[in-house]
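Counting with this note's numbering, you get residues 53 to 194 for the letters of the sequence shown.
Don't be surprised by glycine CBs; every beta carbon is placed ideally from N, CA and C.
The structure appears right after this line, and notes come after that.
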Amino acid sequence: MNHPGTCATPPKTGGEFNFEFREFCFTFDVQYVIILLSNCITKYQHNKMAKYGTIRELQAKASHLIAKTENGEPLIITTHGKPVAVLTSVSPDEADSVARFMERMISYQAFKKLQKEAKERFPKGVSQKEINSIIKKARVEK
Numbered sequence: 053m054n055h056p057g058t059c060a061t062p063p064k065t066g067g068e069f070n071f072e073f074r075e076f077c078f079t080f081d082v083q084y085v086i087i088l089l090s091n092c093i094t095k096y097q098h099n100k101m102a103k104y105g106t107i108r109e110l111q112a113k114a115s116h117l118i119a120k121t122e123n124g125e126p127l128i129i130t131t132h133g134k135p136v137a138v139l140t141s142v143s144p145d146e147a148d149s150v151a152r153f154m155e156r157m158i159s160y161q162a163f164k165k166l167q168k169e170a171k172e173r174f175p176k177g178v179s180q181k182e183i184n185s186i187i188k189k190a191r192v193e194k
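Here is the structure:
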């Protein structure tokens with residue numbers, strides 16, 4: 053079993069992929085899984101490199117680029133050389149699950165960013181007891 057927030061090793065020959073993420077646990081029966089964590093993309097697909105396309109190409113040849121994903125290989129869309137989206141094919145049965153999974157990953161990224169920023173701004177040397185006292189005082193004042 054993996055620790056929360058980590059993922060299992062991808063299968064060597066396709067099949068089921070298990071992913072544990074805090075309170076969420078997902079099992080996908082697909083050839084590949086794209087996991088967005090900490091502003092990076094981790095892609096498992098039998099040691100294949102991801103393919104890239106630009107936003108300009110997407111605007112000009114959307115149908116062609118979508119067709120390229122139908123073989124199971126996602127396409128990372130870039131603008132000014134930076135990844136901004138991932139285009140991938142899904143079956144009708146998977147679409148809602150994959151969309152919810154991606155929403156959760158994006159929410160988790162935002163949460164981790166806020167958590168990191170709060171930790172960086174937190175004054176050093178303040179004890180948990182002092183924090184609780186400040187919170188209690190603020191609640192009473194409301």
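{"Asked": "Count the other CB atoms within 10 Å of the CB of residue 153; is the residue buried (16 or more) or exposed (fewer)?", "Found": "buried"}
{"Asked": "Please report how far the alpha carbon of residue 95 lies from the alpha carbon of residue 164, in whole angstroms.", "Found": "Residue confidence for residue 95 is low, a pLDDT of 42 falling below 50, so the modelled location carries little weight; the figure read from the coordinates is stated next. The straight-line gap from Cα to Cα measures roughly 20 Å."}
{"Asked": "Which first and last residues belong to the alpha helix (DSSP H) in which residue 121 is found?", "Found": "114-121"}
{"Asked": "What is the DSSP secondary structure of residue 176, reduced to helix, strand or coil?", "Found": "coil"}
{"Asked": "If you draw a straight line from the C-alpha of residue 139 to the C-alpha of residue 105, how long is it?", "Found": "10 Å"}
{"Asked": "Compare the C-alpha of residue 109 against each of 125, 124, 132 and 123 and name the closest.", "Found": "132"}
{"Asked": "For residue 142, does the three-state DSSP call read helix, strand or coil?", "Found": "coil"}
{"Asked": "Taking the straight line between their C-alpha atoms, what separation do you get for residue 170 and residue 123?", "Found": "43 Å"}
{"Asked": "For the beta strand (DSSP E) that residue 105 lies in, which residues bound it at each end?", "Found": "103-106"}
{"Asked": "For residue 191 and residue 174, what's the separation of their Cα atoms in angstroms?", "Found": "20 Å"}
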